[in-house]
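Asks: Taken in order, the sequence shown gives residues -19 to -1, 1 to 125; the numbers are from mature numbering (1 follows the signal peptide of the UniProt record, and there is no 0). Structure below; questions to follow.
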Amino acid sequence: MLRIIPALLTLALVMAACAAPGPAVSPAPTGPVSEAERVVQAQVDAYNRHDIDAFVATYAPDVVLYRHPDQVMMRGTDAMRTLYGQMFTNAPALNVRIANRIVQGDFVIDHEVVTGAPGAEGEMLATAVYEVKAGRIQNVWFIH
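Structure (structure tokens):
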């Protein structure tokens, strides 16, 4: 019986170690927002307000939108103004929510949840990779 006590103590210590909580998860950084993130967030806010002028103002005049990896979907803010202007008019419930965001230098990667899109029921999920140069969105890659 006395030989079993050390084994039980060892087992109890191992079980306690396994049940102990791990290190606390660090909260997301709360430092200043980068220029790239500020520009992309201004674009998201304008999109949700359906403010075509403010929306287009966040993009470089020669912006290129791609379907990842390299299929050009649209070039320039004139084309964007036409397409997104029609979407904002025809889909009053159109809205985007950012489920997750990663910022790395000039790049902002948003996991987006879109609702109210024309012809779509429920939520649409997409990932958008924005490249910001000189205070404007220069390139966007959409991953569907």
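C-beta: ideal position from N, C-alpha, C; glycine also. On a predicted model such as this, the values are computed, not experimentally measured, just so you know.
Excluding sequence positions up to five away, which residues of its chain have a Cβ less than 8 Å from the Cβ of Val121?
Replies: Taken in chain order, the residues that qualify are Val44, Val45, Leu46, Tyr47, Ala109, Val110, Tyr111 and Glu112.
Asks: DSSP has Phe123 in a bridge; who is on the other side?
Replies: DSSP, once it has assigned bridges, lists Arg48 and Ala109 as partnering Phe123.
Asks: When we look at the beta-carbon of Thr70 and count the other beta-carbons within 10 Å, is it buried (16 or more) or exposed?
Replies: Exposed: under 16 other Cβ atoms inside 10 Å.
Asks: For Ala27, which of helix, strand or coil comes out of DSSP?
Replies: Residue state, collapsed to three classes: helix.
Asks: Enumerate in chain order the residues of its own chain whose CB-to-CB distance from His31 is below 6 Å, with the five nearest sequence positions on each side excluded.
Replies: Once the five neighbours on either side are set aside, the close Cβ partners of His31 are Phe69.
Asks: When you compare each of Met61, Arg117 and Ala101 to Asn76 by their alpha carbons, which one comes out closest?
Replies: It is Ala101 whose Cα lies nearest to the Cα of Asn76.
Asks: Could you give the first and the last residue of the continuous alpha helix (DSSP H) run that contains Ala35?
Replies: Taken as a continuous stretch (DSSP letters only), the alpha helix (DSSP H) holding Ala35 covers Ile33 to Ala38.
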